[in-house]
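Please read the structure below before turning to the comments.
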Ligand code: HEC
Ligand code: HEC
């Protein structure tokens, strides 16, 4: 393990620890808002204002539009806030989020959380196998915060990181990291680039982690995740 990897891992553990303490207070209010959302009302918002890009079944067919099906409602709600207040910059999503009230955001987030995510077909198995190693055994392992599967309660299988995560199931939940399984590979690479360049400054942890990945690593981990159910 290189010195750089060791100090990066140390920094992440410190930041993650501080984040957990800070979030127990701050983000509980947001997740409560999202939990209070009404999925039936949210489906009207989604059909009228979102389906055009995010897909009628909430699994968009074009890779620049993220799939929202099965995503954590608290995460979706937080992103809508970030688009609205400009901390996550998107010329497309900013006016759309500005047009939504808090209840619309909570309802839509709740609706999307209940839909099923469909994975893409992996195009390059060799690349995906490299990506699987990065996800479970990279430094740090993505699996430390991101769950390997959208199916709750399913054991994390695979490599090194898996066993450790089984014993620390709270970790990913408290950091409220989004589900990445089945997401479009091109969208994942694009977001990793934005974290790395500081264009998406929401998460200091993701900024450091993405900046430490090579272009080849980003493509590999994205290829693996896109096919993951
Ligand atoms: C005209 C196309 C378009 C429409 C309509 C649209 N979106 Fe988006 N949405 C996007 C794009 C593009 C992104 C990626 C933004 C980025 O990071 O550059 C995005 C990203 C998002 C994200 C972030 C997802 C993630 O994984 O981080 C959420 C949440 C979201 N949209 C919710 C909605 C909701 C709710 C609606 C309807 C009220 C909606 N969008 C309507 C294009 C659209
Ligand atoms: C220390 C915890 C942590 C680790 C480790 C981590 N992430 Fe994240 N990641 C997060 C959090 C928290 C967010 C949400 C940031 C936000 O709210 O904008 C996130 C967001 C993301 C997103 C944006 C998803 C979307 O829908 O827009 C991608 C892509 C991502 N991470 C990929 C990775 C990859 C690949 C790795 C491993 C190389 C990794 N992450 C490791 C915590 C982590």
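In our numbering, the protein residues as written are 17 to 245. Just so you know, even glycine gets a beta-carbon here, dropped at the ideal spot from N, CA and C. Quantities reported herein were computed from a predicted structural model and do not represent experimental measurements.
Which parts of the stretch 96–155 are runs of the alpha helix (DSSP H), unbroken and 4 residues or longer, counting only runs that do not cross its ends? 109–114, 118–129, 141–153
For residue 244, I'd like the list of residues in its chain whose CB is within less than 8 Å of its CB, leaving aside the five on either flank, ordered along the chain. 135, 164, 165, 196, 197, 198
Other residues of its chain near residue 173: CB distance less than 6 Å, five sequence neighbours each side excluded: Legend: pLDDT at residue 173 = 42, less than 50; position of this residue unreliable, no value from coordinates given.
Below 8 Å, can you find three or more Cβ-Cβ pairs linking the stretch 226–236 to the stretch 101–112? no
Secondary structure at residue 92, three-state DSSP: helix, strand or coil? helix
I'd like the list of long-range same chain contacts for residue 226, defined as Cβ closer than 7 Å, with 5 residues on each side in sequence excluded. 208, 211, 212
Does the distance from the CB of residue 240 to the CB of residue 151 come in under 7 Å? yes
Is it true that the CB of residue 200 sits closer than 7 Å to the CB of residue 79? yes
Return the chain-ordered list of same chain residues with a C-beta closer than 8 Å to the C-beta of residue 205, the five sequence neighbours on each side being excluded. 234, 235, 238
Going straight from the alpha carbon of residue 123 to that of residue 54, what length do you get? 5 Å
Is residue 77 near residue 71, with beta carbons less than 7 Å apart? yes
Which class does residue 81 belong to by DSSP, given the choice of helix, strand or coil? coil
The alpha helix (DSSP H) with residue 203 in it runs from where to where? 201–213
Would you identify the three-state DSSP class for residue 222, choosing helix, strand or coil? helix
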